[in-house]
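What follows is one structure encoded as structure tokens, with my remarks underneath.
Protein chains: 2
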Amino acid sequence: MRMSEGAEWGLHCCVTLGWLADEAPVSIRRLAAWFDLPQEYLKKRLQSLSRAGILASSPGALGGWSLARSPEKITVMEVVAAMEGGLELFHCTEVRQRGVGGQGAGAEFVRPCGISAVMRRAELAWRQELAAHTIADLMARSPKGAERTHRNYRRMTG
Amino acid sequence: MRMSEGAEWGLHCCVTLGWLADEAPVSIRRLAAWFDLPQEYLKKRLQSLSRAGILASSPGALGGWSLARSPEKITVMEVVAAMEGGLELFHCTEVRQRGVGGQGAGAEFVRPCGISAVMRRAELAWRQELAAHTIADLMARSPKGAERTHRNYRRMTG
DNA sequence: GTATGCTTACTCGGATACCACTTGTCCGAGTTCCATGGG
DNA sequence: CCCATGGAACTCGGACAAGTGGTATCCGAGTAAGCATAC
Numbered sequence: 116m117r118m119s120e121g122a123e124w125g126l127h128c129c130v131t132l133g134w135l136a137d138e139a140p141v142s143i144r145r146l147a148a149w150f151d152l153p154q155e156y157l158k159k160r161l162q163s164l165s166r167a168g169i170l171a172s173s174p175g176a177l178g179g180w181s182l183a184r185s186p187e188k189i190t191v192m193e194v195v196a197a198m199e200g201g202l203e204l205f206h207c208t209e210v211r212q213r214g215v216g217g218q219g220a221g222a223e224f225v226r227p228c229g230i231s232a233v234m235r236r237a238e239l240a241w242r243q244e245l246a247a248h249t250i251a252d253l254m255a256r257s258p259k260g261a262e263r264t265h266r267n268y269r270r271m272t273g
Numbered sequence: 116m117r118m119s120e121g122a123e124w125g126l127h128c129c130v131t132l133g134w135l136a137d138e139a140p141v142s143i144r145r146l147a148a149w150f151d152l153p154q155e156y157l158k159k160r161l162q163s164l165s166r167a168g169i170l171a172s173s174p175g176a177l178g179g180w181s182l183a184r185s186p187e188k189i190t191v192m193e194v195v196a197a198m199e200g201g202l203e204l205f206h207c208t209e210v211r212q213r214g215v216g217g218q219g220a221g222a223e224f225v226r227p228c229g230i231s232a233v234m235r236r237a238e239l240a241w242r243q244e245l246a247a248h249t250i251a252d253l254m255a256r257s258p259k260g261a262e263r264t265h266r267n268y269r270r271m272t273g
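Have a look at this one:
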């Protein structure tokens with residue numbers, strides 16, 4: 116049970132795209148080179164963010180990627196959900212209703228089981244924490260040199 | 116990114132073992148039949164709980180499984196951690212230090228990156244919620260008929 | 001009656017196979033910018 | 001000077017392969033209870 120690496124990539128790319136908003140769109144080549152990530156696969160993952168309405172992509176010769184909204188309006192939760200498929204961490208399979216234990220008893224199963232309830236509460240706490248932070252927050256928290264280094268790199272590659 | 120089904124099984128088994136504490140140890144055959152789960156695989160998962168000190172197993176003819184501690188002293192978090200390997204949901208791979216972005220810049224990387232920090236906070240909220248509930252809580256929340264049904268089944272199978 | 005050995009029922013640990021998902025690569029199609037060439 | 005054409009650079013979407021971890025099964029080894037047997 117681990118979050119996919121793509122979620123981390125997506126968040127870093129969102130922050131970078133936030134800094135380079137005025138130079139948008141940014142090509143996938145530049146993003147992949149910046150983080151030393153496999154270009155093809157990174158592209159595939161960013162497409163998920165595009166479908167979720169978080170990133171916008173523009174085709175063509177000077178095409179590339181940019182934030183679809185302002186960084187203040189993109190929460191970390193949205194990015195994670197888009198990368199992970201939006202599924203719930205815990206999926207109750209109603210094990211208690213299977214087998215001998217579930218036969219014939221009706222009234223016991225109207226309410227969701229306690230295990231499922233606890234899991235949902237924990238998951239909710241997790242989601243709320245992720246939803247409380249935006250890409251703009253991450254940009255503000257980053258060290259001051261980071262943004263400038265990004266722009267310098269632009270000069271290196273053209 | 117989904118929690119393994121084994122975690123759900125483990126929690127249900129812990130609750131059941133809590134009810135049947137005075138009939139312990141309970142054989143794996145009985146537990147598997149109760150929930151209609153694959154006996155061999157369930158056994159393998161319960162072994163993880165045994166290694167974690169949550170369950171105790173006794174070999175021999177009348178052997179089986181029982182809670183290693185009282186239900187009040189076993190948190191949901193412990194069970195989940197034992198089943199999932201105790202790993203963290205999000206593992207920061209320090210993507211920012213790879214590639215061109217990480218070359219030559221030293222001072223920026225002393226502190227952990229903001230993304231990692233947000234993830235850790237969210238994960239902590241999740242863990243705290245899971246640690247706040249015990250097996251005893253789950254037993255108390257269950258419908259009243261559940262415990263009796265378990266005992267009746269004992270009579271059915273001997 | 002007591003001690004010894006056998007059978008039975010259970011757990012433990014390793015080996016193995018299968019399946020789903022993540023990671024990674026490749027290719028054809030479509031879109032836009034730009035340079036080139038003809039009117 | 002203006003417009004059409006073609007190439008270059010980029011994204012999109014699908015197909016496919018490799019790696020990893022969860023699910024599931026099987027088997028030999030070890031342990032303890034119960035029973036039978038021998039003394």
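First to last, the sequence lines map onto chains A and B. The opening position of the first sequence corresponds to residue 116 in this note's numbering, with each subsequent residue numbered one higher. The opening position of the second sequence corresponds to residue 116 in this note's numbering, with each subsequent residue numbered one higher. Using N, Cα and C, we set each Cβ at its ideal position, and we do this for glycine too.
Cutoff 7 Å; reference residue i; Cβ partners in own chain excluding five residues on either side
i: L152(B); result: W124
i: H158(A); result: The displayed chain sequence assigns Lys, not His, to residue 158(A). I143.
i: E203(A); result: E238
i: S173(B); result: P140 and G179
i: R242(B); result: M192
i: S119(B); result: M198 and E199
i: R160(B); result: G121, W124, G125 and M198
i: S163(B); result: A197 and M198
i: Q154(A); result: I143, R144 and A147
Under 8 Å from the C-beta of residue i: neighbouring residues of chain B
i: L253(A); result: G229, I230 and V233
i: L135(A); result: Under the 8 Å cutoff, chain B gives no residues; its nearest Cβ is about 12 Å from L135(A).
Residues near residue i in its chain [Cβ-Cβ closer than 8 Å; skip 5 each side]
i: A196(B); result: A167
i: A111(B); result: The question about residue 111(B) has no answer here: the residues shown for chain B are numbered 116 through 273.
i: L182(B); result: C129, L132, G133, A136, A139, I169, L170, A171, I189 and I250
i: C305(B); result: Residue 305(B) lies beyond the residue range present for chain B, which begins at 116 and ends at 273; the question has no answer from this structure.
Cβ neighbour criterion (16 or more within 10 Å) applied to residue i
i: G179(A); result: buried
i: H206(B); result: exposed
i: G201(A); result: exposed
i: D146(A); result: Strictly speaking, residue 146(A) in this sequence is Leu, with Asp absent from that position. Under this definition L146(A) is a buried residue.
i: S257(A); result: buried
i: E244(A); result: buried
i: A255(B); result: exposed
i: R266(A); result: exposed
i: L177(B); result: exposed
i: R117(B); result: exposed
Interface residues of chain A facing residue i [CB-CB closer than 8 Å]
i: S119(B); result: M116
i: E123(B); result: F205, C207, T208, V210 and I230
i: R236(B); result: E244
i: L126(B); result: I230
i: V141(B); result: Under the 8 Å cutoff, chain A gives no residues; its nearest Cβ is about 13 Å from V141(B).
Other residues of its chain near residue i: CB distance less than 6 Å, five sequence neighbours each side excluded
i: I230(A); result: none
i: L126(A); result: V194
i: L253(A); result: V130
i: S165(A); result: S172
i: G175(A); result: none
Where residue i meets chain B, residues with beta-carbon distance less than 7 Å
i: A197(A); result: By Cβ distance, chain B contributes nothing, its closest Cβ being about 12 Å from A197(A), past 7 Å.
i: S257(A); result: G229
i: A240(A); result: A240, W241 and E244
Contacts of residue i in chain A (Cβ-Cβ under 9 Å)
i: V274(B); result: Limits of chain B in this structure are 116 at one end and 273 at the other, which puts residue 274(B) out of reach.
Neighbour list for residue i in chain B, Cβ cutoff strictly below 9 Å
i: L202(A); result: M116 and R117
7 Å Cβ cut-off: residues of chain A touching residue i
i: W180(B); result: Per Cβ cutoff of 7 Å: no residues; W180(B) is ~16 Å from chain A at best.
contact_flag[the region 122-136 of chain A, the region 129-141 of chain B] where n(CB pairs < 8 Å) is 3 or more = These segments do not touch.
request  = Specify whether the region 136-145 of chain B and the region 255-265 of chain A touch according to this definition: at least 3 beta carbon pairs, one from each stretch, less than 8 Å apart.
outcome  = Result no; under three Cβ-Cβ pairs closer than 8 Å.
ask   = So does the region 239-255 of chain A actually touch the region 178-195 of chain A, counting three or more Cβ pairs closer than 8 Å?
value = Because the criterion of three Cβ pairs below 8 Å is met, the region 239-255 of chain A and the region 178-195 of chain A touch.
request  = Could I get the ranges of all uninterrupted beta strand (DSSP E) runs contained in the region 164-221 of chain A, with 3 residues as the minimum, in chain order?
outcome  = As far as the region 164-221 of chain A is concerned, its whole beta strand (DSSP E) runs of at least 3 residues are 170-173 and 179-182.
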